[in-house]
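2 protein chains.
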Amino acid sequence: MLTERQLFILQLLINDYIQTAEPVGSRTISKREDVTFSSATIRNELADLEEMGYIEKTHSSSGRVPSEKGYRFYVDNLLSPPVLSKYEVNNIQSLFAERMVEVEKVIQQSAGILSELTQYTSIILGPEVFETKLRQIQIIPLSKDTAVVILVADSGHVENRTMKIPPSVSMSDIEKVVNIMNERLKDVPLISLKSTMMKEMATVLKKHIENYNEVNTMLENLFLYTNAEKVYYGGKTNILTQPEFKDIDKVRLLLNTFEQDEVMYNVLRPEKNGIEVKIGQENDLEAMQNCSIVTADYFIEGKRMGSIALLGPTRMEYQRSMGILGFLANDLTRTLTDRYQSFKHW
Amino acid sequence: MLTERQLFILQLLINDYIQTAEPVGSRTISKREDVTFSSATIRNELADLEEMGYIEKTHSSSGRVPSEKGYRFYVDNLLSPPVLSKYEVNNIQSLFAERMVEVEKVIQQSAGILSELTQYTSIILGPEVFETKLRQIQIIPLSKDTAVVILVADSGHVENRTMKIPPSVSMSDIEKVVNIMNERLKDVPLISLKSTMMKEMATVLKKHIENYNEVNTMLENLFLYTNAEKVYYGGKTNILTQPEFKDIDKVRLLLNTFEQDEVMYNVLRPEKNGIEVKIGQENDLEAMQNCSIVTADYFIEGKRMGSIALLGPTRMEYQRSMGILGFLANDLTRTLTDRYQSFKHW
DNA sequence: GTTAGCACTCTAAGTGATTGAGTGCTAAAT
DNA sequence: ATTTAGCACTCAATCACTTAGAGTGCTAAC
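Residue numbers (numbering that gives the first Met the number 0), protein chains in the order written: chain A, 0 to 345; chain B, 0 to 345.
Below you can see the structure in the form of structure tokens.
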């Protein structure tokens, strides 16, 4: 168990390191006004903290640096509730004051503000197809054997795909199919579209359509890829300003990871509710060994819709980041729920 | 004027430097089998070439490095027509053998192959709205005051926008407008959609719609932003492997530029036809001072649709890059023209 | 339990000295 | 009139060495 003084020293050390990115020595700590005891005492305490694994030396006669265990302890026990500056609050709220119509634009802007306020990289997982429901489906022919299929969700999200039409399937068949789909599939969540379609429509289709089998495989192909939600970024290169990323290979690794949506998608899936912090090795991607990620969720009517996250070095300003992130997640939840209400009760 | 031997030496020097990225000395050149004269002779020639500005020294006793003027001369006069390896040709042609339906996918894949073959960063400007024409327009209501507008082009490109509907405009009004639009605006190029709409539809709308003014401003807002064509990337971080980009600040500058579509858009607009090479300072973006860009256009029925480009260090493999780029541009042109034909004569 | 003091460690920065790749120039060879 | 061998010279890069400074751990005194 840590003594009061050890807690205090650990906190000072981490705060200092977060600011300077330089190993912190006993003298540096002892020079602070609010420290009454001498550097020798601090040295003793530091030795204990090191033995317990909360801090490390970079070499045998260097100052101390927080270990991942140390950061974890710091985040879990030493953070006081964050206070946002007026500037930050204004900045975020002015975003939502604009009341943009398009969900995607709201999200893109949120990512921008987040990265600007924090100088880290912000990542937002768009609303999951999970909760959004089909409003309408349209098929528009392009040539004799191709057509565009357009799905519109109640959130305003539009999804489109081009497909080839087998020669054996006629236009009137397709029209029939679309009509049936609009009848049967309206308000079905996008995520379960495929399974619902297979169940609900099989019998009806068999009755009305000649080349049932061909139409069926066509439809199956169409919904083969349940589109993963989109990943939005803000300040993709902000993290390059951090001194821990002067190594170009690390940078390459990280930026490449950004390009792989599926990977990022998994990184952002939070395991618990609320604001979560993953420190260094805790997220097992090699590219993110020196990074921490703070994630928060946003909701619509209590249902989780997506996540917003900040990516920084392990030495990141946890308190501030968590504050800003939490605040923005809240506003996002409120705004989106409002929008959703207006759609639902219409 | 350059003598035969000077040409030869310049060529050897640039070839060598492109491979090694190290300054080339007289001894290195003299050791080649096909060089009969001594290093001293070469030193004299190098001094002349330097005086003429084709090569430079990095310091007073270093080997020589091509200057931008040197590269320019090399590209304009010293390149033999490129020969593609079987591997490269196969790689590109297998791409088009798949005959993907969606233009965007073809382009995305092209970017991927380009960057893989060259290890540079590839950039592709999507088909201009320029030539694609409106096939159909749809408005789908989302709530009592919002709706999604969907434009489908004959290329299969889908464009969508969410908009607010003023309370004074009724649904039936909107339906009328959409009908009129589909009648009057079909096959109008997307780029002139706005102007055509204003001209063609003004009188008709006035006749049929009550709140003409409100509808009009609504439509105007809708088409306010003529969407610039999309920019696609392949191997965004490839360029980071080049030794000239070990400086993190240069990297940041460049990657940030990538994020700004409008800027890239201008970079890629070629000035002349065919394959164009811009070397170093020739493209006046600060972020690209150490880069060269090779661009080529692709066409549909002789009309320029977009460009594809390779971005590398000034010390780039011009011959190979130009070869691959030209070949792919050709195949792209052929494929897209075929597709277009099938749409047109349908 | 705390602290002053001291020996010790290690990095970072600076200083020569050395090496080697390269040049330019001159005088001899072709 | 070229070409080339030879030589003096330059400069970056590297290595060994020193020094300064920040930091530690330990011990003995407070």
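C-beta: ideal position from N, C-alpha, C; glycine also.
Nearest candidate by alpha-carbon position, reference residue i, set the options
i      : options                           : result
A/R71  : A/L116, A/E101 and A/Q318         : A/Q318
B/I164 : B/L83, B/G125 and B/V214          : B/V214
B/F7   : B/L267, B/L324 and B/L77          : B/L77
A/S167 : A/S291, A/K205, A/T294 and A/M217 : A/M217
B/L346 : B/G234, B/K132 and B/I17          : Any question about residue 346 of chain B goes unanswered here, given that chain B covers just 0 to 345.
B/E357 : B/S121, B/R134 and B/S154         : Beyond the ends of chain B as shown, which are 0 and 345, falls residue 357 of chain B; an answer cannot be given.
B/T161 : B/N181, B/F222 and B/V176         : B/F222
A/R303 : A/T236, A/L124 and A/M197         : A/L124
A/D330 : A/A295, A/V34, A/S114 and A/K229  : A/A295
B/M263 : B/E228, B/N272 and B/N237         : B/E228
A/S61  : A/L45, A/Y73 and A/E67            : A/L45
A/N255 : A/L284, A/V82 and A/I41           : A/L284
A/L239 : A/M200, A/C290, A/V88 and A/Q92   : A/C290
B/P80  : B/G325, B/T332, B/D337 and B/Q340 : B/G325
A/S66  : A/R26, A/F36, A/V82 and A/L12     : A/L12
B/Y119 : B/G301, B/Q259 and B/G233         : B/G233
A/F298 : A/G273, A/H156 and A/R4           : A/G273
A/I278 : A/Q5, A/I292 and A/S194           : A/I292
B/V176 : B/A152, B/V157 and B/V148         : B/V148
A/L116 : A/R98, A/P22, A/K85 and A/Q280    : A/K85
Alpha-carbon spacing of residue i relative to residue j, whole angstroms
i      : j      : result
A/P312 : B/Y231 : 29 Å
A/I28  : A/E243 : 23 Å
B/V203 : B/A146 : 23 Å
B/N14  : B/E275 : 20 Å
A/E261 : B/E219 : 38 Å
A/Q241 : A/T334 : 33 Å
A/V187 : A/N159 : 17 Å
B/L267 : A/L113 : 31 Å
A/T236 : A/V250 : 9 Å
B/L1   : B/N282 : 27 Å
B/T19  : B/M315 : 11 Å
A/A308 : A/K104 : 17 Å
B/I54  : B/I17  : 13 Å
A/M287 : A/S121 : 14 Å
B/N181 : B/M200 : 11 Å
B/A328 : A/S59  : 59 Å
B/L184 : A/G305 : 39 Å
A/R42  : A/G69  : 17 Å
Where residue i sits in the DSSP three-state scheme
i      : result
A/R346 : There is no way to answer for residue 346 of chain A, as the model of chain A reaches only from 0 to 345.
B/Y70  : helix
A/R134 : strand
A/Y119 : coil
B/M162 : strand
B/E127 : coil
A/K348 : Since the first and last residues shown for chain A are 0 and 345, residue 348 of chain A lies out of range.
A/G279 : helix
B/K302 : strand
B/T294 : strand
B/E313 : Residue 313 of chain B is actually Thr in this sequence, not Glu. Residue state, collapsed to three classes: coil.
B/P65  : strand
B/K235 : coil
B/P242 : helix
A/I17  : helix
B/K56  : strand
A/K40  : The sequence shown places Thr at residue 40 of chain A, rather than the Lys named in the question. Correct three-state label for A/T40: helix.
B/S84  : coil
A/I190 : helix
B/T145 : strand
B/I274 : coil
A/V176 : helix
>> So if I threshold CB-CB distances at 8 Å, which residues from the region 243 to 264 of chain A count as touching chain B?
In response: Residues F244, K245, I247, V250, R251, L254, N255 and E258.
>> Count Cβ pairs between the region 203 to 210 of chain A and the region 168 to 177 of chain A that sit closer than 8 Å; are there 3 or more?
In response: Enough Cβ pairs lie closer than 8 Å, so yes.
> Okay, do the region 140 to 152 of chain B and the region 234 to 248 of chain B touch, 3+ Cβ pairs below 8 Å being the bar?
Replying inline: Too few Cβ pairs lie closer than 8 Å, so no.
> Listed from N- to C-terminal order along the chain, which residues in the region 169 to 197 of chain B have their beta-carbon within a distance smaller than 9 Å of any beta-carbon of chain A?
Replying inline: Within the region 169 to 197 of chain B, no residue has a Cβ that lies closer than 9 Å to any Cβ of chain A.
> Looking at chain A, which residues of the region 140 to 152 of chain B have a Cβ within less than 8 Å of any of its Cβ atoms?
Replying inline: For the region 140 to 152 of chain B, which is checked against every Cβ of chain A, the residues closer than 8 Å are L141, S142, K143, D144, T145, V147, I149 and V151.
> Which residues, in chain order, does the region 61 to 93 of chain A contribute to contact with chain B at a C-beta distance below 9 Å?
Replying inline: Against chain B - using a Cβ distance shorter than 9 Å - the region 61 to 93 of chain A contributes no residues.
> Which residues, taken in chain order from the region 7 to 33 of chain A, show a beta carbon closer than 7 Å to some beta carbon of chain B?
Replying inline: Along the region 7 to 33 of chain A, none of the residues has a CB nearer than 7 Å to a CB of chain B.
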